[in-house]
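Take the sequence shown: its position 124, counting from 1, is numbered 124 in UniProt numbering, and each next residue is one higher.
Even for Gly, the Cβ is constructed at its ideal location relative to N, Cα and C.
Down below is the structure, laid out as structure tokens.
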Amino acid sequence: MLRVGVPVATVWTSPESPRDLDAAAVADAPDLTTWLRGLTAEDRLGLHGRTLTQLLDGEPVLVEERRDGWARVVAPWQPVPGQDGYPGWVRESHLRASLDSDLDHPVDHVPADRIAVAAYAERFAGLVYLWGGTSPAGFDCSGLVHYSYRQAGVVVPRDSPDQALAATPVPLGDEEPGDLYFFAREDGRVYHVGFVVSGGRMLHAPESDGTGRIVEEELSPERRAHLAAAGRFEV
1 MLRVGVPVAT
11 VWTSPESPRD
21 LDAAAVADAP
31 DLTTWLRGLT
41 AEDRLGLHGR
51 TLTQLLDGEP
61 VLVEERRDGW
71 ARVVAPWQPV
81 PGQDGYPGWV
91 RESHLRASLD
101 SDLDHPVDHV
111 PADRIAVAAY
121 AERFAGLVYL
131 WGGTSPAGFD
141 CSGLVHYSYR
151 QAGVVVPRDS
161 PDQALAATPV
171 PLGDEEPGDL
181 YFFAREDGRV
191 YHVGFVVSGG
201 RMLHAPESDG
211 TGRIVEEELS
221 PERRAHLAAA
231 GRFEV
């Protein structure tokens, strides 16, 4: 098993996914600040189908394939039902050998309490949305939930549909601060998640046509129409 050896390694759908304008993200020493500063709203939307998630320094990976400086990996700290972890492609230069000092689980910087986890997530209010983002450089909706729980030493699924399945259901109307709201389309598939602040109010990372920022706000009529469930991770 190898480890991520850079602050943030972006996971791509294939080695061909990065565009010329993504060069800073796939450099041997990735510079996410430079990368994100150079992306327009349209460029950010163009990450759909290209990026999947991000891995953090020290995060373990299983390598399944190598090709032309790339590695197809599985990330066990980002659970996916029926798989050994989150799959995707990263630059080989973003990986390193495991060390005796490496941790076998995420470090806990935050008390293992759902209200404390939600309060931790609030510090990222105003941060620009990033599709596949799972680091303080930028988050998508489920990346914010996953990352915040990891800071409490709790591993939850990476994507919102899987988070909805893994969470303990809470009847709508009985949700409490620190719980999660899940939103689904007409086919029932969950597509969005946010932290409950109070009944009908949440902290979340909306995409908003590539210009979204993490925000605390009341549920809009459209959000209320798509509100499918509430859930809770017991910590």
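Contact between the stretch 146-161 and the stretch 207-218 is absent: fewer than three C-beta pairs spanning the two stretches fall below 8 angstroms. Excluding five sequence positions before and after Arg72, the CB atoms of its chain that fall closer than 8 angstroms to its own CB belong to Val63, Glu64, Glu65, Arg66, Pro87, Gly88 and Trp89, given in chain order.
In this structure, Leu172 keeps its C-beta atom at 8 angstroms or more from the C-beta atom of Phe195. Between Glu217 and Arg201, the gap from beta carbon to beta carbon is short of 8 angstroms.
If you ignore the 5 residues before and after Tyr129, its C-beta comes within less than 6 angstroms of the C-beta of Ala205, Glu207 and Gly212, all in its own chain and listed in chain order. Between Ala184 and His226, the beta carbon gap of about 6 angstroms places them in contact (Cβ cut-off 8 angstroms). One alpha carbon belongs to Arg158, the other to Gly85, and they sit about 9 angstroms apart.
Taken in chain order, the unbroken stretches of beta strand (DSSP E) that lie wholly in the UniProt domain "NlpC/P60" (110-234) and span 3 residues or more are 168-170, 180-184, 190-198, 201-204, 215-218 and 227-232. Taking 8 angstroms as the cut-off, the Cβ atoms of Pro106 and Trp77 count as close. Judged by beta-carbon spacing, Leu55 lies within the 8 angstroms limit of Ala75, meaning their Cβ atoms are closer than that value. The alpha carbon of Arg224 has as its nearest neighbour, out of Gly178, Thr10, Phe182 and Ile115, the alpha carbon of Phe182.
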